[in-house]
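A.B. asks: Okay, here's the structure, questions in a sec.
Shown next as structure tokens:
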């Protein structure tokens, strides 16, 4: 698109003078429009162009030069136009072209591509200068860079060197420095990462600005067959707490990267939106710190007790991913996953029985867990393999009482069906010991009588310590004339 600019204004006069001054400088040194060679091409595509512009530079006849402005290579035509402008010392028609990089003015002459006219007539500007070579570079599969130090051709392989990158980055509003073989601005691990050939550019989030797009600064100064294809852009959204062999972070939303490449969003907005919408893979992330899959490193930093370490490790083994807000602690994570992993956590701690904890009713789930663990620690051990049904029934009622309270013990008692006289007497003994005399009416008089006799020992059994538990239970069994079961239990005792 081009627009004719009205003549006679102060602004247009200044633009004309700048274009004529550029034409004069190039005519004095025509070789400056031939890119400096940094490649290893067998045959240079610019050789023919160089020969022809040197011929034009020696021509003093304007009519002859005008013929060069209408045929042949566009760069040759553009150079011929510069020669004509220099001879005439005026610009009859001044036009304006609009690009994504802004508006550029140029003088209309000959049959020359607009981009070539813009590039050569604004040669002092490294951004506009590159426009003269874009189509030529694509056609010949060349890589060309434009910096404050001139125009450079890297040949057909994208082997951009550190000096050119340094020149390009110096035109940004950032203070990049060379470090560890790459370019870096600012501290920290969160920020924009750009891979340019074998070189890596890192822009810390602490440096990012609202008025700059560093990717745009770079692509404004490089042209070739596929610029976007040789420049990789990503955002590191977390700090690396450990150094993984390969990064296991998830991908950034492709749409956000596309917006950034199109230069519609700034560096700061790019980092913010990319990190807010990042899809993580199987990793451990706490706030903005990533531990990869190193659960041990994370537990060392995050947990204050061995119980917490066991609980968080159990949760991670099931989830395979932990994305934890910066202000969260171990208690809040355990509470979040308790319904799903509570049983596994207790089992990992060595407690095979499930202890119900209503996390919605406790302020600190971990305190509740520890309280239950203390209760479980006080429980008497099991006696597997001992065929003593009455002893086992009594033991189950005691466990229900210790872990679930009186209501738990009553549920276990009333859950017994088809009992014999000794079982009935045992159940009555527990009812008397629990202060539930009102419920003994369910049993016959003999069971009630025997139960009342047993109740004093059973009352002691309910709160017995581990070292006396089995002996008290054995006495209860002998009171019921269950000597065989009592003997088996005593033989099992440590």
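Residue numbers (the working numbering): 2 to 495. Where a beta carbon is used, it is the ideal one built from N, C-alpha and C, also for glycine. Predicted model only: the values in this text are computed from it and were never measured.
Would you call the stretch 151-168 in contact with the stretch 64-74, where contact means no fewer than 3 C-beta pairs closer than 8 Å?
C.D. replies: Taking 8 Å as the limit for Cβ pairs, the verdict is that the stretch 64-74 does not touch the stretch 151-168.
A.B. asks: At a cut-off of 6 Å, would you count residue 156 as near the ligand PLP, judging by its Cβ distance to the nearest heavy atom?
C.D. replies: Absence of the ligand PLP is noted for the structure shown, with no ligands found whatsoever.
A.B. asks: Taking the alpha-carbon positions, what's the residue 8 to residue 108 distance?
C.D. replies: As a first step, residue 8 must be located in the chain shown, where it is residue number 7. As a first step, residue 108 must be located in the chain shown, where it is residue number 107. Bear in mind that the predicted position of residue 8 carries a pLDDT of just 43, short of 50, making it too unreliable to give a figure here.
A.B. asks: Looking only at C-alpha atoms, which of 118, 113, 114 sits nearest to residue 106?
C.D. replies: Taking the chain shown and counting its residues from 1, one reaches residue 106 at position 105. Checked all of 118, 113, 114; the closest Cα to residue 106 is 118.
A.B. asks: At which residues does the beta strand (DSSP E) containing residue 148 begin and terminate?
C.D. replies: Taking the first residue of the chain shown as 1, we reach residue 148 at position 147. That run of the beta strand (DSSP E) goes 144-148.
A.B. asks: Any idea if residue 36 is buried or exposed, counting beta-carbon neighbours within 10 angstroms, 16 or more meaning buried?
C.D. replies: Residue mapping note: residue 36 aligns to position 35 of the chain shown, counting from 1. Residue 36 should be labelled buried.
A.B. asks: How far does the beta strand (DSSP E) with residue 131 in it extend, from its first residue to its last?
C.D. replies: The residue labelled residue 131 in the question sits at position 130 within the chain shown. Counting along the chain, residue 131 falls outside any beta strand (DSSP E), though it belongs to the alpha helix (DSSP H) covering 127-132.
A.B. asks: Provide the residue span of the beta strand (DSSP E) that contains residue 180, from first to last.
C.D. replies: Taking the chain shown and counting its residues from 1, the one referred to as residue 180 is at position 179. Segment 178-180, the beta strand (DSSP E) holding residue 180.
A.B. asks: Taking 7 Å as the cut-off, decide whether the C-beta atoms of residue 156 and residue 42 are in contact.
C.D. replies: Residue 156 sits at position 155 when you count from the first residue of the chain shown. Residue 42 sits at position 41 when you count from the first residue of the chain shown. Their beta carbons are under 7 Å apart, which means residue 156 touches residue 42 by this criterion.
A.B. asks: Thinking C-beta only, is residue 241 closer than 7 Å to residue 190?
C.D. replies: As a working note, residue 190 is residue 189 in the chain shown. As a working note, residue 241 is residue 240 in the chain shown. Taking 7 Å as the Cβ cut-off, residue 190 and residue 241 qualify as a contacting pair.
A.B. asks: What is the C-beta distance between residue 70 and residue 130, in whole angstroms, given that I count them as a contact (C-beta under 8 Å)?
C.D. replies: Here residue 70 is taken as the residue at index 69 of the chain shown, counted from 1. Here residue 130 is taken as the residue at index 129 of the chain shown, counted from 1. Not a contact, Cβ separation roughly 20 Å.
A.B. asks: Which residues bound the beta strand (DSSP E) around residue 195?
C.D. replies: By one-based count along the chain shown, residue 195 stands at place 194. Unbroken beta strand (DSSP E) run through residue 195: 192-197.
A.B. asks: I'd like to check one pair, residue 310 with residue 300: are the Cβ atoms closer than 7 Å?
C.D. replies: Here the question's residue 300 lines up with position 299 in the chain shown. Here the question's residue 310 lines up with position 309 in the chain shown. Yes.
A.B. asks: What's the gap between the Cα of residue 355 and the Cα of residue 344?
C.D. replies: Residue numbering aside, residue 355 sits at position 354 when the chain shown is read from its first letter. Residue numbering aside, residue 344 sits at position 343 when the chain shown is read from its first letter. Caution is warranted here: a pLDDT of 47 is assigned to residue 355, below 50, making its placement in the model unreliable, and the coordinate value is therefore given only provisionally. Spanning the two alpha carbons is a distance of roughly 5 Å.
A.B. asks: Going by beta carbon distance, what residues of the same chain come within less than 7 Å of residue 46, once the five residues before and after it are set aside?
C.D. replies: Taking the chain shown and counting its residues from 1, one reaches residue 46 at position 45. Counting only Cβ-Cβ distances below 7 Å, and skipping sequence neighbours, we find 141, 143.
A.B. asks: Can you look up residue 239 in the DSSP assignment and give me helix, strand or coil?
C.D. replies: Residue 239 sits at position 238 when you count from the first residue of the chain shown. Three-state DSSP puts residue 239 in coil, outside helix and strand.
A.B. asks: What number of angstroms, rounded off, separates the C-alpha of residue 384 from the C-alpha of residue 434?
C.D. replies: Here residue 384 is taken as the residue at index 383 of the chain shown, counted from 1. Here residue 434 is taken as the residue at index 433 of the chain shown, counted from 1. Between residue 384 and residue 434, the C-alpha separation is close to 24 Å.
A.B. asks: For residue 224 and residue 138, which I take to be in contact (beta-carbon distance under 8 Å), what is that distance rounded to the nearest angstrom?
C.D. replies: For the purposes of this step, residue 224 is taken as residue 223 along the chain shown, with counting starting at 1. For the purposes of this step, residue 138 is taken as residue 137 along the chain shown, with counting starting at 1. Yes, residue 224 and residue 138 are in contact; Cβ-Cβ is about 5 Å, under 8 Å.
A.B. asks: Roughly how many angstroms separate the alpha carbons of residue 334 and residue 128, rounded to a whole number?
C.D. replies: Numbered from 1 along the chain shown, position 333 holds the residue referred to as residue 334. Numbered from 1 along the chain shown, position 127 holds the residue referred to as residue 128. Roughly 53 Å separates the two Cα atoms.
A.B. asks: Determine which residues share a DSSP beta bridge with residue 202 and list them.
C.D. replies: The sequence position of residue 202 within the chain shown is 201, counting from 1. In DSSP, residue 202 forms a bridge with 184, 195.
A.B. asks: For residue 290, is the classification buried or exposed, using 16 other Cβ atoms within 10 angstroms of its Cβ as the cut-off for buried?
C.D. replies: In the chain shown, residue 290 corresponds to position 289, counting from 1. Label assigned to residue 290: buried.
A.B. asks: Assuming residue 1 and residue 478 make a contact with CB atoms under 8 Å, what is their CB distance in whole Å?
C.D. replies: Nothing can be reported for residue 1, as the shown portion of the chain is limited to 2 through 495.
A.B. asks: Within 10 angstroms of its Cβ, does residue 230 collect 16 or more other Cβ (buried), or is it exposed?
C.D. replies: Translated into the one-based positions of the chain shown, residue 230 becomes position 229. Exposed: under 16 other Cβ atoms inside 10 Å.
A.B. asks: Kindly indicate which three-state DSSP category residue 355 falls into: helix, strand or coil?
C.D. replies: As a working mapping, residue 355 is identified with position 354 in the chain shown. Residue placement at residue 355 is flagged as unreliable, the pLDDT there being 47, under the threshold of 50; the coordinate-derived value follows with that caveat. Three-state result, residue 355: coil.
A.B. asks: Would you call the stretch 441-460 in contact with the stretch 422-430, where contact means no fewer than 3 C-beta pairs closer than 8 Å?
C.D. replies: Segments in contact, yes.
A.B. asks: Classify residue 107 as helix, strand or coil using the three-state DSSP reduction.
C.D. replies: Locating residue 107 in the chain shown gives position 106, where the first residue counts as 1. Strand.
A.B. asks: Can you check whether the CB of residue 187 is closer than 7 Å to the CB of residue 174?
C.D. replies: Taking the first residue of the chain shown as 1, we reach residue 174 at position 173. Taking the first residue of the chain shown as 1, we reach residue 187 at position 186. No.
A.B. asks: What is the C-beta distance between residue 58 and residue 28, in whole angstroms, given that I count them as a contact (C-beta under 8 Å)?
C.D. replies: Residue mapping note: residue 58 aligns to position 57 of the chain shown, counting from 1. Residue mapping note: residue 28 aligns to position 27 of the chain shown, counting from 1. With a Cβ gap of about 6 Å, residue 58 and residue 28 count as contacting.
A.B. asks: If contacts are defined as beta-carbon pairs under 8 Å, then residue 458 and residue 476 qualify, I think. What distance do you get, rounded to the angstrom?
C.D. replies: As a position in the chain shown, residue 458 is number 457, starting the count at 1. As a position in the chain shown, residue 476 is number 475, starting the count at 1. At roughly 6 Å, the Cβ-Cβ gap stays under 8 Å, so residue 458 and residue 476 are in contact.
A.B. asks: Quick check on residue 307: buried or exposed, where buried means 16 or more other Cβ atoms within 10 Å of its Cβ?
C.D. replies: Working through the chain shown from its first residue, we reach residue 307 at position 306. Classification for residue 307: exposed.
A.B. asks: Within the continuous beta strand (DSSP E) that includes residue 155, where are the two ends?
C.D. replies: To locate residue 155, count along the chain shown from 1; it is residue 154. That run of the beta strand (DSSP E) goes 151-156.
A.B. asks: Identify whether residue 98 lies in helix, strand or coil by the three-state DSSP scheme.
C.D. replies: For the purposes of this step, residue 98 is identified with residue 97 of the chain shown, where counting begins at 1. In this structure, residue 98 counts as strand in the three-state DSSP scheme.
A.B. asks: What alpha helix (DSSP H) runs, 4 residues minimum, are completely inside the stretch 267-292?
C.D. replies: The qualifying runs are 268-277.
A.B. asks: Quick check: the Cα distance between residue 200 and residue 89, rounded to an integer number of angstroms?
C.D. replies: Residue 200 sits at position 199 when you count from the first residue of the chain shown. Residue 89 sits at position 88 when you count from the first residue of the chain shown. Taking the straight line joining both Cα atoms gives about 47 Å.
A.B. asks: According to DSSP, residue 38 sits in a beta bridge with which residue or residues?
C.D. replies: Within the chain shown, residue 38 is the residue found at index 37, counting from 1. For residue 38, which the question treats as bridged, DSSP gives the partners 154.
A.B. asks: Of the choices 254, 247, 81, 315, whose alpha-carbon is the least far from that of residue 275?
C.D. replies: Position 274 of the chain shown, counted from the first residue, corresponds to residue 275. It is 254 whose Cα lies nearest to the Cα of residue 275.
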